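According to this note's numbering, the sequence shown is numbered sequentially starting from -19. First the structure, in the form of structure tokens, and then the observations on it.
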Amino acid sequence: MAEDPTAKISDIKPKSFEDLIKNVHEKDICGECGGCVSFCTAADIGAIEMTEDGPPHYSNEENCLHCGICYLICPETFELDNELNIKYDFKPPIGNWLKIVTAQAKDPKIREIATDGGVVTAILIALFENNLINGALISKRVSSFQRISFFAKSREEILEAAGTYYDLKGPVPELGNYNTFVSTISELKKINYSDYMKIAVVGVPCQIHSIRKMQELNIIPAHIVKYTLGLFCYENFKFDDVARAKIEERFNFSFKDIEKINIKDNLIINLRNKDTPLKIQFSELRDIMRHACRVCENFSNYFADISFGGLGSQTGYTTVMVRTKTGERIYNLAQNKGYIIEPKDLNSSVEKSKILAQIISFSKKKLKRTEEFEVR
Ligand SMILES: Cc1cc2nc3c(=O)[nH]c(=O)nc-3n(C[C@H](O)[C@H](O)[C@H](O)COP(=O)(O)OP(=O)(O)OC[C@H]3O[C@@H](n4cnc5c(N)ncnc54)[C@H](O)[C@@H]3O)c2cc1C
Ligand code: SF4
Ligand code: SF4
Ligand code: SF4
């Protein structure tokens, strides 16, 4: 619709959290990334906060300045996307990239506990040990099935947060509302930072998208984020009591026997009483997918400095997409200093084109899914 030429600037009402409620929460597409809360809290406005298990809400509505920043930085609004697409040279469906390889951490201790090849952990340790960061915003286990956002400030703490295995040696785990997604960036505000602080953030595409929007606006707390390490993400799941019962019955296993969960080309579940992992296709899990994921178009994390996934690589290796010059610099540092290795035989041009083809295929599938839902 054409703009009303008689409208006065004073008539233009900036968007606010109320518009987020209307355009995102009420459409059931809030991904609970925590971006809106991280700005509002870091700026000491404190109008909104995350809820325990759902979208953020007004905690002190009277504090709201109606500044509209939360609306701009939400990955579910289209605001600032044109600017980001230009800045990061976005080309559909997988975005810009400088290099795609399969790699692994050189340190076998990292590989043993990592999700795939441990490259994310190895790069974080390289950044830390070479004084490029003061810490990294990642996620760590707090009980068998629960992970929380975590600001790691040492090599040991980065190691502690690697991987997605579950420690089931002790008593039968409390399952609770197990969610494969962890709202990490809302915790940015809790980091006791100075403007000189430099951090890396690991996140799925919706989280990195929100951080890039904040950086585009030059606002706190994203100014301390120097490196964005993005994870591939096809979808995430909320395994509440009902979902768990459904899945256990559908695939004939018990959550209490899970040793490791990985999201790759399928949901891959290692069970302690089985030699081969259970592989469940995403299409068989549609009814327990988080609602926001239905409309998410970004599989390969195209605004990150480097993207990582299991897709395309053998077990024990991580697929790496170096995207920006910053990403290239830190990847080269980690490789040259012996933190990561790229086996030659797995990185022939034939192998690399197979990896690229898989990333393109999953990205297209995800785009198609979004179009089908047509929620927007
Ligand atoms: C929720 C989620 C969905 C994913 N979906 C896919 C997918 O569909 N296809 C695919 O190929 N790959 C997917 N990945 C990426 C894949 O599982 C690996 O994380 C990636 O290959 C890196 O492996 P690595 O061994 O190098 O990482 P590691 O060295 O094990 O390091 C992983 C890092 O990620 C952090 N982390 C773990 N869980 C979370 C979380 N929930 N939120 C934020 N940070 C977290 C850890 O703290 C750690 O620092 C997903 C990852 C996550 C967390
Ligand atoms: S003060 Fe601004 S950022 Fe905070 S809730 Fe209100 S509109 Fe959103
Ligand atoms: S910024 Fe994130 S948490 Fe906030 S409304 Fe948007 S999707 Fe939800
Ligand atoms: S698919 Fe992944 S990136 Fe997209 S909304 Fe869901 S959790 Fe976020």
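All C-beta atoms in this analysis are idealised placements derived from N, C-alpha and C, irrespective of residue type, glycine included. What you are looking at is a predicted structure, and each value in this text was computed from that prediction instead of being measured.
Classification of residue i by the beta-carbon crowding that lies within 10 angstroms, buried from 16 upward
i, result
"I103", "buried"
"R357", "In the structure displayed, the chain extends from -19 to 356; residue 357 sits before or after that span and is not available."
"K324", "exposed"
"G34", "exposed"
"F130", "buried"
"E(-2)", "exposed"
"D221", "exposed"
"V162", "buried"
"R266", "exposed"
"T256", "exposed"
"S174", "exposed"
"G98", "buried"
"F353", "exposed"
"R230", "exposed"
"K244", "buried"
"T295", "exposed"
"G292", "buried"
"D360", "In this structure the chain extends from -19 to 356, so residue 360 is not present and cannot be described."
Beta-carbon proximity of residue i to residue j, cut-off 7 Å
i, j, result
"T160", "N242", "no"
"I268", "N246", "no"
"A94", "G115", "no"
"T82", "Y297", "yes"
"T299", "I335", "yes"
"A284", "G210", "yes"
"A180", "I113", "yes"
"I118", "V182", "yes"
"E32", "S39", "no"
"K166", "P55", "The question names Lys, yet the displayed sequence has Ser at residue 166. Not in contact: S166 and P55 (Cβ atoms no closer than 7 Å)."
"V302", "I286", "yes"
"K193", "L60", "yes"
"F235", "R224", "yes"
"G307", "F212", "no"
"R270", "K305", "no"
"N43", "I25", "yes"
Residues that residue i bridges to, as DSSP identifies them
i, result
"G289", "T299"
"F217", "M269"
"F130", "I118"
"T82", "T299"
"A180", "A116, Y207"
"E29", "H37"
"K259", "I248"
"Y158", "F219"
"N242", "I248"
"I320", "A85"
Any non-hydrogen atom of ligand 3 closer than 6 Å to residue i Cβ
i, result
"V122", "no"
"E12", "yes"
"M59", "The question names Met, but residue 59 in the sequence shown is Glu. Answer for E59: no, Cβ out of range of ligand 3."
"L64", "no"
"G361", "A question about residue 361 goes unanswered here, because the residues of the chain that appear run from -19 up to 356."
Heavy atom of ligand 1 within 6 Å of residue i beta-carbon
i, result
"N250", "no"
"D96", "yes"
"V300", "no"
Near ligand 2: residue i beta-carbon under 6 Å from a heavy atom
i, result
"H5", "no"
"A27", "yes"
"L104", "no"
Proximity test, residue i beta-carbon vs ligand 4 heavy atom, cut-off 6 Å
i, result
"F161", "yes"
"E215", "yes"
"C273", "yes"
"C276", "yes"
heavy atom of ligand 6 below 6 Å from residue i C-beta
i, result
"V184", "For ligand 6, the structure offers nothing, since it holds only ligand 1, ligand 2, ligand 3 and ligand 4."
Checklist entry - Contact between the region 57 to 77 and the region 267 to 285: three or more CB pairs below 8 Å? => result Between the region 57 to 77 and the region 267 to 285, the count of C-beta pairs closer than 8 Å reaches three or more; the two stretches touch.
Checklist entry - Contact between the region 107 to 116 and the region 132 to 142: three or more CB pairs below 8 Å? => result yes
Next on the checklist: Check whether the region 43 to 61 and the region 5 to 23 are in contact - that is, three or more C-beta pairs closer than 8 Å.
Outcome noted: Yes, the region 43 to 61 touches the region 5 to 23.
Checklist entry - Three or more beta-carbon pairs under 8 Å between the region 185 to 195 and the region 1 to 14, yes or no? => result yes
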